[in-house]
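Chains as they are written, first to last, in the working numbering: chain A, 232 to 487; chain B, 232 to 487. Don't be surprised by glycine CBs; every beta carbon is placed ideally from N, CA and C. First up is the structure itself, then whatever we jot down about it.
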C-alpha cells in the first residue's frame, strides 16, 4: 500500500506537494483517474482520484509541478494508537543513531519527539529538516495518518519547565543511569497501573544523553512530577533506551 | 566501564587477541599492572591484571601483538537475562537495517540470531563477519558476558525443520503480515502465560522478509508448533518487528 502526503486539503480536493507529485506521477507513473491514498499528517487518510498536474507557480512563486486529487472518502484517526506518548530524547553523539531512533519510534507509534539538550550533552544540535523527512517517511511506511510532532531542540530544563502541571492521567518518567535513586520502578509496572480503557493514557518519557542527566536536571524533573524509571536490567544506549520506552508503551496499550 | 574480550582463557590467565590488545594498550594506553575487565563471550566476566605484551607468532603464525592478563576474580552469568530467546530474522533488502537490528537486540538481550532466507526473500546473503563484530561490540557495550550465537544463514525451511520437537516450556512464535490467520494472539498475552519464575522461559520468534513468508513456510512453521502472533497494531518493517519481539520478551522477563 503506497501512501502519499498532502499539507493542503480543501473543499473536496487536496494538493500533492511537488516532491510527492514527482514520486506519484514520475516514479510510480500514476495517471489522472488513478485512485491514490493520501494522509494529511494530522491523522486522516483520504481516498482520492488523481487529477491533472498543475502549473509550476503559486502565490507568484515557482513550486514545481503539483497535482490535484479529488477526495472520494476519508478515514479519521487512521492507524492511530490508544495512548499519547511524548519522548524527550537528548541528541546522540552520532546523529545517525538519533535518526534511526526517530524512524523506529514513529513506526511503533509516538505523538511528540522533543530533542532535549542536556547540560552534559556533547552534541547540542540536530538536523531537524532531515528528522522531519524521516518522520514523514516512517509515518507513511507504517500506515499511520498522523506524523509525530517534532519540537524544536531546547534544553532539558526548558523542556521540563515548559510542561506545566501534569494532568491526572499523565505519567511522567525519567530514565537515567546514575544509581542515586534505587530501587526504581520498572516501566511495565508503572504503565500497568494507568491502564484505563476509558481514558487515553498520556505518557512523557525523558531519556538522557550519553553522559547522563545532571543532578540539577534530575531535581527539576522530580519537582515537575517525573518518576525515576527502570527500563530493565540491560545497559542501553540513549537511542535504544528511547526505543525501549516507546515499545513499553506500545506493548502496554496495543490496540486502537 | 570498558570491557575487553578474550576467546582464550586458560589456567589463571587469559590472552587478549591482537585487535583487543591494540585497543587496550595502544588506544586506551593501558600498561602492565593495570586492572582490566574481560568477557569470554560465553557468559563470564573476568577481573584481570594486565601483563606484558607477547610476541607476534603463535603456532608458527604471525598473529600481531597479543597481551596476557592474570585473572584475579570472575563473575559467571554476568549481565545475563532470565529467558532464552532465539530470533530467526530474514535479511532485509538494505543490510544496514539488519546490522542495526542485530546491535539493538543484542543490547536488549537475545541468545541466538538465526538469519533465515525466506522463499520470498529478495536478499539471500549476509556479511556474517560484520555481524559477528557488531554482536561482540554491542555485547561489550551493554555489559553482558555472553555474545549471542550467530547461526550461519540457512533457508527458513531448514531452520524450521532443524528445530526438532519443542520442549514443554518453549514458546514458538511466527510473525507475518498476511491476513490468513485472524485473530492472532498478541505477543504480550502469550508471554504472560509462560511466566514461570522457576523455569527459564524459552522463546523462538520467526520474523519474515519484506515479501512475507510463503504459504508453505507458514504451514511448515505451524506443523513445528509455531503460533501465529500479533506484534500490535502498527505495520512494522522486518527489523522493527524483530526489535519489537525482542523488547516484548525483555520487558516481560525484566530481571536477572
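| Query | Result |
| --- | --- |
| Nearest-angstrom beta carbon gap, residue 384/B and residue 356/B [assumed within contact, 8 Å] | 7 Å |
| Among 407/A, 341/A, 353/A, 331/A, nearest to residue 376/A - alpha-carbon criterion | 341/A |
| Backbone CA spacing between residue 344/A and residue 477/A [nearest angstrom] | 11 Å |
| Contacting positions in the segment 251-265 of chain B - beta carbon closer than 7 Å to chain A | none |
| Delimiting residues of the alpha helix (DSSP H) encompassing residue 368/A | 359-372 |
| First through last residue of the beta strand (DSSP E) which encompasses residue 389/A | Careful: residue 389/A lies outside any beta strand (DSSP E), inside the alpha helix (DSSP H) at 387-394. |
| 8 Å Cβ cut-off: residues of chain B touching residue 335/A | 471, 474 |
| Residue 242/A burial status per 10 Å Cβ neighbour count (16 or more: buried) | exposed |
| Three-state secondary structure (DSSP) of residue 301/B | strand |
| Inter-residue spacing [alpha-carbon to alpha-carbon] between residue 322/A and residue 453/A | 21 Å |
| Reference residue 389/A, options 368/A, 434/A, 447/A, closest by Cα | 447/A |
| For residue 314/B, the three-state DSSP class (helix, strand or coil) | coil |
| Same chain, Cβ closer than 8 Å to residue 430/B, five either side skipped, listed in chain order | 400 |
| With 16 other Cβ atoms within 10 Å as the buried cut-off, status of residue 327/B | exposed |
| Rounded separation between residue 244/B and residue 359/B - CA only | 30 Å |
| Residue 278/B - partner residues in DSSP beta bridges | 268/B, 304/B |
| Sequence-distant residues of the same chain with beta carbon closer than 7 Å to residue 456/A, five excluded per side | 397, 403 |
| Neighbour flag for residue 406/B against chain A, beta carbons, 7 Å | no |
| Contact list for residue 312/A against chain B, beta-carbon separation under 9 Å | 463, 464, 465 |
| Per DSSP, cross-strand counterpart(s) of residue 483/B | Answer is none; residue 483/B lacks a bridge partner. |
| Proximal residues to residue 335/B (C-beta, below 6 Å), its chain only, five neighbours per side dropped | 474 |
| Below-7 Å beta-carbon distance, residue 338/A vs any chain B residue | yes |
| Chain-order list of residues whose beta-carbon lies under 8 Å from that of residue 312/A (same chain, five-residue window excluded) | 340, 481, 484, 487 |
| Beta-carbon proximity check, residue 221/B vs residue 362/B, cutoff 7 Å | Any answer about residue 221/B is impossible in this case: the structure gives chain B only from 232 up to 487. |
| 7 Å Cβ cutoff met for residue 369/B and residue 337/B | yes |
| Against chain A: residues of the segment 438-450 of chain B by CB proximity under 9 Å | none |
| Counterpart residues of residue 459/A in DSSP-defined beta bridges | 405/A |
| Those runs of the alpha helix (DSSP H) which lie wholly inside the segment 322-355 of chain A and span at least 4 residues | 326-339 |
| For residue 386/B and residue 315/A, the rounded distance between their alpha carbons | 40 Å |
| Assigned secondary structure, residue 441/B (DSSP; H/G/I helix, E/B strand, else coil) | coil |
| Where residue 257/B sits in the DSSP three-state scheme | helix |
| Proximity of residue 280/B and residue 258/B at Cβ, strictly below 7 Å | no |
| Which of helix, strand or coil DSSP assigns to residue 435/B | strand |
| Bridge-paired residues (DSSP) for residue 381/A | 344/A |
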